[in-house]
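Below: one structure, written as structure tokens.
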Amino acid sequence: MKTFKLGGVHPAANKLSAGAPIQVAAVPAMVAIPMAQNLGAPSKAIVAKGDKVKVGTVIGEPGGFLSSFVHSSVSGTVDKVDVVEDATGKKVPAVFIKVEGDEWEETIDRSQTIDRNIKLDKQQIIDKVKEMGIVGMGGATFPTQVKLTPPPTAKPECVIINAVECEPYLTSDHSLMLAHPEEICIGVQILEKAMGVNKAYIGIEANKPDAIELMKKTAAAGFPEIEIVPLQLKYPQGGEKQLINAVIGKEVPSGGLPIATGALVQNVGTAFAVYEAVQKNKPLIERIVTVTGKSVAKPGNFLTRLGVPVADLIQAAGGVPEDTGKIISGGPMMGKAMPDTNSYVVKGCSGILIMKNAEARRKEAGPCIRCGKCVQACPMGLQPNFLARYSELNLLDEAEEERVYDCIECGSCQFSCPANRPLLDWIRQGKPKVMGILRQRAADAKAKADAEKAAKEAAAAK
Amino acid sequence: MLNVSLSPHVHSGNSTQKCMLQVLIGLTPALLWSFYQFGLGAVIITLASVAFCLLFEFLITRFMLKAPSSLGDLSAVVTGVLLAFNVPSNLPIWIIAIGALVAIGVGKMVYGGLGSNIFNPALVGRVFLLVAYPVQMTSWPTQAGYADVETGATPLSIIKRIANGETGLDVPAFMDSLLGVTGGSLGEVSAIALLLGGIYMIVRKTITWHIPVSILLSALVFGFLFYGFDVQLALDQLVCGGMMLGAIFMATDYVSSPMNSRGQLLYGCCIGFLTIVIRRYGAYPEGMSFAILIMNAFTPLINKYVKPQRFGVVKK
């Protein structure tokens, strides 16, 4: 079975909610839809207090090139445009909507019929994806229309769908595949059309045999160019670079774009959202969120409108248990710990993981015994012990030489360190500094080249 | 109050103590064999070595470093067993005490304790004893017991005499050294018991194959070249003396060996080469300890210049 070539670790899967059917989470009396739900510039709210909105009404416009539309996930009246805290406690603007009924925009096709006929052409698809506010659903929330518009030098060859779900605990992608295999395959075909390619792979880790079988069966019935690729269980296989390497054997060059390998990677949830956007004219207003944890009473997968309070969602799974030490947005390897449950469900929220006090504490760090386990674990071929040390001592030249900028922050090093050293904490200190130096250096070089060119032209003009 | 530490939020559960425990389990077959082969002497030496190593580690951390106790990480136990493995089973206890003091004190604690030392502590102790007490350190019991046991030549010293042109000597039997029914340091004699422990550690991912395999292969190749293309003598290099003990347990010491697999291969090949050179041309019949210590000194250099295989970097 295929997998990526370097490093990797095997955290306990703990897929407590695997196979649990998708439950529809209740719509609360009030939602708050944050305007910063994508990677890049936040969106700009275009509604004001008192405005009536329906499900699917545009309430936020892109605030830049790398930005997205935001739609109302409920029908009702705009209560206020205020500031809320996101999952990490950062303040972001949000539109509060008082829920009245459940009235949808007439343009949205709410029928259950599956439409296999893709009518839109390449550009229309990209425009539609933008209009419907689609972003990467795996958690990175990169605006999808931007990813579907690679630089003109790129030569797309295939689409790779990330259905790996290598993060422990999370099962939202798994439950989506079991519920909507055909829609996902159509979504994949739409992505192929948008990229002008005729080949797609769906990478699924071997711990989801039911999903692998169902997707294979679905693809066999009318999607001959979609190949289901079972992958050996190993974290971080869902990392874009690792997934491309596992599925087609190519390596994304250091500092380059993934499309340089000819592969466009999209999350399986994004493929489904693209299907709904293009075939059903439905904006991104809801997503599946896994609420899980060893102490959670009823772990499950919830189809949730965006803007629902996280606290409500946890309540649906049985509430915050006593002895809770940590609540994480996302999975345990790369997710972010939330300071409280006062945030709201956003496009990139794949799961909410509740950890007991005992699980939440780190063990005390000991001295590095130079065992090299972090080096063995690193999927990028780096030496995390040195990176951490150089970052700690602010030795930025050395950190650059050890390629700190290639770090994908997957946490495999820290996970495997027998001395419990906070390797990634330190690397996160050094990496942005080195990246800043690299950017400055590139800018300086460009300025110098421009100045020389201008001087030469001036000399030639004389 | 919720904990908001950064990801990763889970840990493998591995610990320094668990790693050391795995090494101790790996050492067990050879330890049991030494009890069988050398009897009381092996038991006394091992217990004394471990006890003295723990004692000196405790005293130094408590009264000189004024640091919390580090006995729990079990590294002093590993050093103690390895030091015992590297000495004859009839060594007086006061000498093993000096060896333990040098191993823990000079080999490890002067650098700041576990993780900071440059050389393998047990080997520092062993080589100190070899230079300071050459007579006691090279009288090899050939039977079980402690005081007044018969001593005799080790296979390596016989090989050295054969290679130097002496005639009328039998080439040591390969099977004797493989099993361990020969004279030698107490833990080094049975190649098969050491191999068992090595396979265990590789299977449990305590160590990787790179260092042991590269040492053994390199010793085999250079043994063949330097011993007159004699296959028998070359194979004997692998099972005689401290080769297996060194390759599997001494050279793989985490702290003093390189961190990535490429560096480990280079390090291993150099150790194999140096060992054979010392065995064939040096003053001592055995060269494993010196070879490992020499390469320990090169480990920081190897770490600096030998990089692991990178992802997404194509060689031009």
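These protein sequences, in sequence, are chains U and B. The numbers in my numbering rise by one with no breaks, and the one at position 211 of the first sequence is 305. The numbers in my numbering rise by one with no breaks, and the one at position 105 of the second sequence is 103. Cβ coordinates follow ideal geometry from the N, Cα and C atoms, glycine included.
Flag this pair as touching only if the region 48 to 58 of chain B and the region 205 to 217 of chain B have three or more C-beta atom pairs under 8 Å; answer yes or no.
no
So B/F36 packs on B/L184, CB below 8 Å; how close in whole Å?
5 Å
Rounding to the nearest angstrom, what Cα-Cα distance links B/P210 and B/G239 in this structure?
Cα-Cα distance, rounded: 15 Å.
Is the CB-CB distance between U/I219 and U/A294 below 8 Å?
no
Closest Cβ-Cβ distance between U/E286 and chain B: below 8 Å?
no
Proximal residues to U/Q117 (C-beta, below 6 Å), its chain only, five neighbours per side dropped:
G394, F396
Using a Cβ cut-off of 9 Å, pull out every chain U residue sitting near B/R308, in sequence order please.
L100, S348, M474, G475, L476, R497, D500
Within its chain, find whatever has a CB closer than 6 Å to the CB of B/G181; leave out the 5 residues flanking it on each side and keep chain order.
W138, T140, G150, T152
Within the 8 Å Cβ cut-off, does U/E345 reach chain D?
Although the question refers to chain D, the structure presented lacks it and instead comprises the protein chains U and B.
Integer-rounded CB distance, given that U/S444 should sit under 8 Å from U/L272:
So it is not a contact: roughly 16 Å between Cβ atoms.
Assess contact between the region 251 to 263 of chain B and the region 294 to 306 of chain B, defined as three or more Cβ pairs (one per stretch) separated by less than 8 Å. Is contact present?
When Cβ pairs closer than 8 Å are counted between the two stretches, the region 251 to 263 of chain B is seen to touch the region 294 to 306 of chain B, the count reaching three or more.
With a 10 Å radius around its C-beta and 16 neighbouring C-beta atoms as the bar for buried, classify U/Q217 as buried or exposed.
exposed
Whole angstroms are fine: how far does the CA of U/E370 sit from the CA of U/M95?
32 Å
Determine, using beta carbons only, whether B/F220 and B/F271 come nearer to each other than 8 Å.
yes
Close beta carbons around B/C17, own chain, < 8 Å, minus the five adjacent residues each side:
Answer for B/C17: T204, Y252, listed in chain order.
Taking Cβ positions, are B/T77 and B/A130 nearer each other than 8 Å?
no
Along the region 142 to 165 of chain B, where does the CB come closer than 9 Å to a CB of chain U? Name the residues.
none
Which whole-angstrom value describes the C-beta separation of U/C468 and U/C504, a residue pair presumed to lie in contact below a C-beta threshold of 8 Å?
About 12 Å; that fails the 8 Å criterion.
Whole alpha helix (DSSP H) runs in the region 249 to 300 of chain B with 4 or more residues, listed along the chain?
259 to 279
Do U/A513 and B/T136 count as a contact pair if the criterion is CB distance below 8 Å?
no
Check whether U/M129 and U/V164 have beta carbons under 8 Å apart:
yes
N-terminal and C-terminal residue of the alpha helix (DSSP H) that U/Q117 is part of:
Counting along the chain, U/Q117 falls outside any alpha helix (DSSP H), though it belongs to the beta strand (DSSP E) covering 116 to 118.
As assigned by DSSP and simplified to three states, the class of U/H104:
The answer is coil: DSSP assigns U/H104 none of H, G, I, E or B.
Does the distance from the CB of U/A354 to the CB of U/V341 come in under 8 Å?
no
Whose Cβ in chain U lies nearer than 8 Å to the Cβ of B/K16?
P512
Nearest-angstrom Cα separation, counted from U/K450 out to U/E458
Cα-Cα distance, rounded: 18 Å.
Distance, Cα to Cα, B/E164 vs B/V229?
Roughly 19 Å between the two C-alpha positions.
Step through the CB atoms of chain B and report whether any lies within less than 8 Å of the CB of U/A454.
Closer than 8 Å: yes.
Against chain B, which members of the region 309 to 339 of chain U pass a CB distance test of less than 9 Å?
Here the close residues are K335, Q336, N339.
Report yes or no: do three or more beta-carbon pairs, one from the region 433 to 447 of chain U and one from the region 474 to 490 of chain U, lie closer than 8 Å?
no
Would U/A112 pass as a contact of U/H268 if the rule is Cβ separation under 8 Å?
yes
Cβ closer than 9 Å: which chain B residues qualify as neighbours of U/A431?
L0, N1, V2, S3, L4, S5, H7
Using a Cβ-Cβ distance cut-off of 8 Å, determine whether U/Q523 contacts chain B.
no
Residue from U/A410, U/M474, U/P433, U/L487 whose Cα sits closest to the Cα of B/N1
Selection U/A410, U/M474, U/P433, U/L487 evaluated against B/N1 yields U/P433 as nearest (Cα-Cα).
Whole-angstrom Cβ separation of U/G134 and U/V172, contact assumed at under 8 Å?
Not really, about 25 Å apart at Cβ, beyond 8 Å.
Residues bridged to U/D430 [DSSP beta-bridge criterion]
Inspection of the sequence shows that residue 430 of chain U is occupied by Lys rather than by Asp. Beta-bridge partners of U/K430 (DSSP): U/S423.
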